[in-house]
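Structure record follows, encoded as structure tokens.
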């Protein structure tokens, strides 16, 4: 059988030829190089960002550790020596012994302000104060601690006992009536009632020096924190119209010419409202049943929107349920301590009332407490990125510590309410 030659494949281009394979490989290498050029800056940026975030987080941890160390050392020294100067010395020394990104932590002493705790400011680096918990709340509940920079601590009870009832009442929508200049002078409408009933004590010289309401503990309404609104009031002093003044009007049954004055934070939207009572002798405040203070302060976001266009609710007494009330006492012209509780509902429930009854409670002068805080600048690890300079980062930290009882060991706490006027 004659031989039939195969076709000449050499004249036909083939995809599997050496030349084609080389061209395909060069194309793939070029594509990979292109993707590498595109993604390399992104990968590099992610690496730099990760490094800097880690740098900031590490600095934050270092700062908090330094502040915790300072607070623990200071509060122990304060209890041991009862010297505010020594406590501040310890806080400064222990903070400086720690470093943040290689830098020493330098705390300002914040002293020279006078008063029981010698704080120059309640917002300083080192603040000394008295720590209490609301009546009826376990001291082990760290979320409930109240820190007051103005009250002196004693590390325990005072030996003084008091009984009294605190009542807050209102009848109608305070906000709308005030802001529309309602001229109705009906004493049962358009105002908050604050009343103290049945105040007794085991010391006849004990007086009430101040009462503070704090809305910071009231559950937020419409995702907004509750506050007392001192804006746009019709009057700024005592007057005959109880709806128009932030100063209370005293309506006694057995006491004449008795006055009180409000004290609040510089912010006109403050969570606290304090009524201070002047020192008028041993009977300076001895309210009878029916004595009351009327005031026209509005509360905002202390209850849900009732659907009437007032997005801060109807401002009725029950909206103060959950608010903290602190009663501060004076003995022989000296502030000696306080009682603190959380207002609850009237039993049976009435939406117009928020109440609390102190029954033979020992007046607490609070435990020793120290709060430390500091803001520091952190130098970035990378000075620049592709010619773009990095600016220094800022980290801040805070710590608080107390000693529980006369021989208690210092411990860190979280502050629920910080009473900084």
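Numbering (our numbering), first residue to last: 345 to 765.
For glycine and all other residues, C-beta sits at the position ideal for the given N, C-alpha and C.
This one's a predicted model, so the numbers in the text were calculated from it and none came from an experiment.
Candidates the options: which alpha carbon is nearest residue i's?
i           : options            : result
residue 545 : 752, 674, 714      : 674
residue 685 : 737, 726, 455, 761 : 761
residue 679 : 572, 743, 417, 554 : 554
residue 328 : 614, 561, 542, 712 : What the structure shows of the chain is the stretch from 345 to 765, and residue 328 is not part of that stretch, so it cannot be assessed.
residue 506 : 725, 550, 496      : 550
residue 552 : 559, 664, 539, 385 : 539
residue 543 : 747, 757, 569, 705 : 705
residue 409 : 748, 614, 442, 563 : 442
Cβ of residue i within 8 Å of Cβ of residue j?
i           : j           : result
residue 492 : residue 473 : yes
residue 723 : residue 445 : yes
residue 721 : residue 736 : yes
residue 428 : residue 455 : yes
residue 490 : residue 471 : no
residue 745 : residue 753 : no
residue 725 : residue 395 : yes
residue 411 : residue 741 : yes
residue 559 : residue 548 : no
Pull up the distance between the alpha-carbon of residue i and that of residue j, whole angstroms please.
i           : j           : result
residue 683 : residue 703 : 11 Å
residue 407 : residue 463 : 22 Å
residue 710 : residue 475 : 5 Å
residue 541 : residue 511 : 8 Å
residue 513 : residue 693 : 13 Å
residue 608 : residue 425 : A caution first: residue 608 carries a pLDDT of 41, below 50, which makes its placement in the model unreliable, though a value can still be read off. Whole-angstrom Cα-Cα distance: 33 Å.
residue 450 : residue 691 : 53 Å
residue 387 : residue 414 : 41 Å
residue 586 : residue 619 : With a pLDDT of 42 at residue 586, under the threshold of 50, the modelled position of that residue is not reliable, and the figure given next carries that caveat. Their backbone Cα atoms lie some 15 Å apart in a straight line.
residue 714 : residue 382 : 54 Å
residue 497 : residue 696 : 36 Å
residue 518 : residue 676 : Model confidence at residue 518 stands at a pLDDT of 40, short of 50, so the residue's coordinates are unreliable; what they give is reported in the following sentence. Between residue 518 and residue 676, the C-alpha separation is close to 38 Å.
residue 734 : residue 392 : 11 Å
residue 556 : residue 664 : 12 Å
residue 397 : residue 681 : 46 Å
residue 617 : residue 764 : 12 Å
residue 615 : residue 434 : 33 Å
residue 613 : residue 465 : 20 Å
residue 461 : residue 743 : 18 Å
residue 701 : residue 447 : 52 Å
residue 748 : residue 563 : 29 Å
residue 688 : residue 712 : 28 Å
residue 757 : residue 390 : 37 Å
residue 423 : residue 431 : 9 Å
residue 314 : residue 568 : With the chain represented from 345 up to 765, any question about residue 314 goes unanswered, as that position is not in the structure.
residue 533 : residue 572 : For residue 533, the pLDDT reaches just 38, beneath the cut-off of 50, and the residue's location in the model is therefore unreliable, although a value from the coordinates is still provided. So the alpha carbons of these two residues sit roughly 19 Å apart.
Is residue i close to chain D, meaning its C-beta is less than 8 Å from at least one C-beta of that chain?
i           : result
residue 540 : The structure shown contains no chain D, having only a single protein chain.
Assuming residue i contacts residue j under a Cβ cut-off of 8 Å, what Cβ separation, rounded to an integer in Å, is found between them?
i           : j           : result
residue 699 : residue 404 : Going by Cβ atoms, the distance from residue 699 to residue 404 rounds to 43 Å, so no, they are not a contact pair.
residue 508 : residue 669 : No, residue 508 and residue 669 are not in contact; Cβ-Cβ is about 11 Å, not under 8 Å.
residue 504 : residue 759 : Rounded, the Cβ-Cβ distance is 25 Å, inconsistent with contact.
residue 494 : residue 459 : 6 Å
Any 3 or more C-beta pairs closer than 8 Å across the stretch 431-438 and the stretch 416-423:
Touching, yes.
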